[in-house]
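In the UniProt record's numbering, the protein residues as written are 1 to 546.
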């Protein structure tokens, strides 16, 4: 009998089979549980006395060392076993209704699980300090609460709003993950902690560009393969709990209970954060545990240099999920903003894994909310295209040169209409020149008379992604404006100067080469064309009043 086998073609580098990865996770979890059970039953012969071999059975917890990486699910299994041992030592509780369960006592497994119920009062604050009281159910997630606030505040839902856990006295803040229960997070916060509602465009930036997100020297798997990694393979290795890359590099670590900092070589694994006591050695005997990932969260430190005497401005910390004091925090510091973002993103990926990817995909799948149904509006950054309506039907202009020519022609037609209205008289009660000078103040991206430092702070808080921008009044020229734009995690400022032509005021970024009648037209143009800017305007820096 001859059998013919046909092998499937090898996957291409750009194929990302993440749905199959999710299905494979269940089988790997079951095999892990069976492995943990078999490890517990093993016994090791230690001594031979009078011809008899004595076996010593050691528990998994006794064999576990902090310097050895261990799967996070195995740790959870050990914690469950410890809980069962504690409950088994408790006295038996008489069963008041033995005829219903058939047992005269209540066993721990027969007791119903304790789940939060009822409604809770949550205080939400906006960035201007104003608060809003919201009554939510106990099982409401951070994503559902954000969409509720978007609906009540009449905001545009572009899937970038986030709930921020803020501790002003400690100078810490972090964005809640979409699947986290708000009531449980509030229970672990101190009295001075509060929730903030604001945008965060960088929350899922890793999934949009996984290959270029981490520097190659930080990922140990990248170094072993000389950087030749397909994007799909790198993404799957970060999400797959059984094979995840190791993040490594130098960090400044603050000594517990002291003000001094040490520069150490640090390794981030699923089992925890370690540092090497001997240079860059990875040997288990040279590794010591810095922090655990299971019962901790990573926070951005906003007052690092002032409060902790940090060596740089790029500080973050690992905080246990309980009401902790300042001395219990593990303070860390990097050399630049890209390194800090990479370490904090790796912490979230190692802790949550595939759950983060599911949070990223849910808005794209348009799933309905579990608690309420709202008309959610969405605006995509790719929804603005150049159109030609000169014929009987409109068409999309695909050629960039033709699109630029059409934009210039439309701009000239706009100016001619404005000049004609100036001559004949405007039907509007507001003069066109006066209207053009104030109409931008109604836009979400315009923030008036804020300082340069305040614009930096707003860009930092909302993600520092490419294309994040705002407009403000110029402090040096009362008739000019400033465009603040983020590109490659660096903030740049471009002055918008007024220029007069034929008795009419125009605004320009490039010394009069491209002129616009108002700032709205200028923003819309640079959302479609990069022009003299390093990138297009993509994400408006927005504040909301609750």
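Backbone N, C-alpha and C define an ideal beta-carbon position, used for all residues, glycine too.
Since the model is a prediction, treat every value here as computed from it, not as a measurement.
State whether the segment 297 to 306 contacts the segment 257 to 266, with contact taken as three or more CB pairs (one from each stretch) at a distance under 8 Å.
no
Whose C-alpha, out of 238, 319 and 193, is nearest the C-alpha of residue 355?
238
Where residue 287 falls: helix, strand or coil (DSSP)
Residue state, collapsed to three classes: strand.
Residues of its chain near residue 202, where Cβ-Cβ distance is below 6 Å and the 5 sequence neighbours each way are ignored
463 and 465
What would DSSP say about residue 537, mapped onto helix, strand or coil?
coil
In the DSSP assignment, what are the bridge partners of residue 318?
298 and 330
What residues are listed by DSSP as bridge partners for residue 120?
136
Residue range of the beta strand (DSSP E) that residue 492 falls in?
490 to 501
Please state if the CB of residue 532 and the CB of residue 562 are separated by a distance shorter than 8 Å.
Residue 562 cannot be examined here, being either before or after the span of the chain that is shown, 1 to 546.
What's the C-alpha gap between residue 530 and residue 291?
About 44 Å.
What does the Cβ neighbour count give for residue 339, buried or exposed, with the cut at 16 atoms within 10 Å?
buried
If we ignore side chains and look at the alpha-carbon of each, how far apart do residue 149 and residue 546 end up?
For residue 149 and residue 546, the distance between alpha carbons rounds to 8 Å.
If you reduce the DSSP assignment to three classes, tell me which class residue 174 lands in.
strand
C-beta atoms of residue 180 and residue 174 nearer than 8 Å:
no
Using CA atoms only, rank isn't needed, just tell me which of 342, 301, 528 and 483 is closest to residue 315.
For residue 315, the nearest C-alpha among the options comes from 301.
Can you tell which of 389, 456, 444 and 209 has its C-alpha closest to the C-alpha of residue 154?
By alpha-carbon distance to residue 154, the top candidate from 389, 456, 444 and 209 is 444.
Tell whether a beta-carbon distance below 8 Å holds between residue 350 and residue 293.
yes
Just how far apart, CA to CA, sit residue 449 and residue 399?
39 Å
My output table needs one value for residue 155: the three-state DSSP class, helix, strand or coil.
coil
One question on the structure: do residue 124 and residue 135 come within less than 8 Å of each other, judged by their Cβ atoms?
no
How big is the Cα-Cα spacing for residue 216 and residue 247?
10 Å
Which value, in whole angstroms, describes the spacing of the CA atoms of residue 29 and residue 270?
With a pLDDT of 48 at residue 29, under the threshold of 50, the modelled position of this residue cannot be trusted, and the question is left open.
Hey, would you say residue 326 sits closer than 8 Å to residue 170, going by beta carbons?
yes
Given this structure, state the Cα-to-Cα distance separating residue 495 from residue 306, to the nearest angstrom.
32 Å
Kindly list the residues whose CB is nearer than 7 Å to the CB of residue 353, restricted to its own chain and excluding five residues on each side of it in sequence; keep chain order.
239 and 241
Figure out for me which residue from 480, 200 and 479 has the closest Cα to the Cα of residue 163.
Residue 163 has its Cα closest to that of 200, out of 480, 200 and 479.
Burial state of residue 541 (16 or more Cβ within 10 Å):
buried
Span of the alpha helix (DSSP H) holding residue 350?
337 to 352
Bridge partners of residue 166, per DSSP?
Paired residues: 173 and 194.
Does residue 276 come out as helix, strand or coil in the three-state DSSP assignment?
strand
For the putative contact between residue 455 and residue 468, defined by C-beta atoms under 8 Å, what is the C-beta separation to the nearest angstrom?
Residue 455 to residue 468, Cβ: 11 Å. No contact.
Give me the Cβ distance between residue 543 and residue 526, rounded to the nearest whole Å; I'm assuming they're in contact under 8 Å.
At roughly 21 Å, the Cβ-Cβ gap does not stay under 8 Å, so residue 543 and residue 526 are not in contact.
What residue range does the alpha helix (DSSP H) around residue 457 cover?
452 to 461
Go through its chain and collect everything with a Cβ distance to residue 196's Cβ below 6 Å, but skip five positions before and after it.
125, 164 and 166
So, at 7 Å on beta carbons, what are the nonlocal neighbours of residue 286 in its own chain, with the 5 sequence-adjacent residues on each side left out?
276, 277 and 278
Which value, in whole angstroms, describes the spacing of the CA atoms of residue 346 and residue 191?
30 Å
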